[in-house]
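S.K.: I have a structure I would like to understand better, so I am pasting it below and will then ask my questions one at a time.
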DNA sequence: ACTGGCACCTGGGCGC
DNA sequence: TGCGCCCAGGTGCCAG
């Protein structure tokens, strides 16, 4: 479920409770995530100080002197801070208990998430080949133009490809393309440099606005403090099929692209 | 090297 | 109330 803004909101929510704190115990109730939780997690984490909670793409990285725990929320994962010994629900798979008497609890009904261990996360196979962060300076229209040369995939699938740019999921792909006035099915390689500038600006803008709003909530995302986000009120096209375009009143269309629902305005996007 | 399609898993909402 | 069906925000891996 969570896209980049939700992951970043979670990071900001939990960091004050977790950073510089010592791990007392790791409780793993179910190792069966996308990949089984490796024994290094419960072997290495206890006794370690969590020096920082950072984010790369949609991974939360818990840095310690022994190595880094990498947590991905998948489609339905969430983290929150609890008091020790709060009763665990059916899908509360992991608690990272701290010396403070608080714990970081990971819940993931669909179990598409993952919790892995890496000595040097930047070299990890899952992180190594990722594209730039969308909010960084090296992500811009020139970069998109360069990378898209000769590519025939739809622009929507192109910007959702983590090897090109990370953190653009299904919701914000539709939103950013609306912002840039680009039809989601247009071939990536056939978009002008100027429109690629518009697109990189639109991606940055929609992600920043969502982070400021505390992340979109469609179903069960909760911020680190347990408060739901509220960006869904500001969505222009996602989930609005048949409703009037906010710009021109044309009913919003929905198509399927790469097995994902894709929303756009057939008048505003070309 | 790209591309499209499938898979993993559970739960919620809907129509009957 | 229950059942079957469809849908869901991610992403690694496979064959062509």
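In our numbering, the protein residues as written are 70 to 339. Glycine included, C-beta positions come from ideal geometry on N, C-alpha and C.
#1: Can you give me the start and stop residues for the alpha helix (DSSP H) that residue 242 sits inside?
#2: What span of residues does the alpha helix (DSSP H) with residue 274 cover, start to end?
#3: Please classify residue 333 as buried or exposed, where buried requires at least 16 neighbouring CB atoms within 10 angstroms.
#4: Is residue 195 near the ligand NAP, in the sense that its beta carbon is under 6 Å from a heavy atom of that ligand?
#5: Might you give, ordered along the chain, the residues of its own chain that have their beta carbon closer than 6 Å to the beta carbon of residue 257, omitting 5 neighbours on each side?
#6: Alpha carbon to alpha carbon, what distance is there between residue 214 and residue 95?
#7: Please confirm if the stretch 192-204 is in contact with the stretch 119-137, defined as three or more CB-CB distances below 8 Å between the two stretches.
#8: From residue 203 to residue 152, what distance separates their C-alpha atoms?
#9: Going by the beta-carbon positions, is the gap between residue 181 and residue 259 smaller than 7 Å?
#10: Kindly indicate which three-state DSSP category residue 130 falls into: helix, strand or coil?
#11: With residue 104 as the anchor, note down where its alpha helix (DSSP H) starts and where it stops.
#12: Would you report the Cα separation of residue 154 and residue 238, rounded to the nearest angstrom?
#13: Mind checking whether residue 72 and residue 121 have CB atoms under 7 Å apart?
M.R.: With the structure as the only source:
#1: Along the first chain, one-based indexing puts residue 242 at 173. From DSSP, the alpha helix (DSSP H) with residue 242 extends over 239-249.
#2: By 1-based counting over the first chain, the position of residue 274 is 205. From DSSP, the alpha helix (DSSP H) with residue 274 extends over 262-282.
#3: Position 264 of the first chain holds residue 333. It is buried - the Cβ of residue 333 has at least 16 other Cβ atoms within 10 Å.
#4: Absence of the ligand NAP is noted for the structure shown, with no ligands found whatsoever.
#5: Your numbering for residue 257 matches position 188 in the first chain. Excluding positions up to five away in sequence, the list reads 217, 220, 222, 224, 227.
#6: As a first step, residue 95 must be located in the first chain, where it is residue number 26. As a first step, residue 214 must be located in the first chain, where it is residue number 145. Distance between residue 95 and residue 214, taken at the CA atoms: about 46 Å.
#7: yes
#8: Here residue 203 refers to the residue found at position 134 of the first chain. Here residue 152 refers to the residue found at position 83 of the first chain. Cα to Cα, the separation comes out at about 35 Å.
#9: For this step, residue 181 is matched to residue 112 along the first chain. For this step, residue 259 is matched to residue 190 along the first chain. Not a contact, by the Cβ cut-off of 7 Å.
#10: In the first chain, residue 130 corresponds to position 61, counting from 1. Note: residue 130 maps to strand in three-state DSSP.
#11: Position 35 of the first chain, counted from the first residue, corresponds to residue 104. First-last for residue 104: undefined, no H or E at that position.
#12: Counting from 1 along the first chain, the entry for residue 154 is found at position 85. Counting from 1 along the first chain, the entry for residue 238 is found at position 169. Taking the straight line joining both Cα atoms gives about 35 Å.
#13: Locating residue 72 in the first chain gives position 3, where the first residue counts as 1. Locating residue 121 in the first chain gives position 52, where the first residue counts as 1. Not in contact: residue 72 and residue 121 (Cβ atoms no closer than 7 Å).
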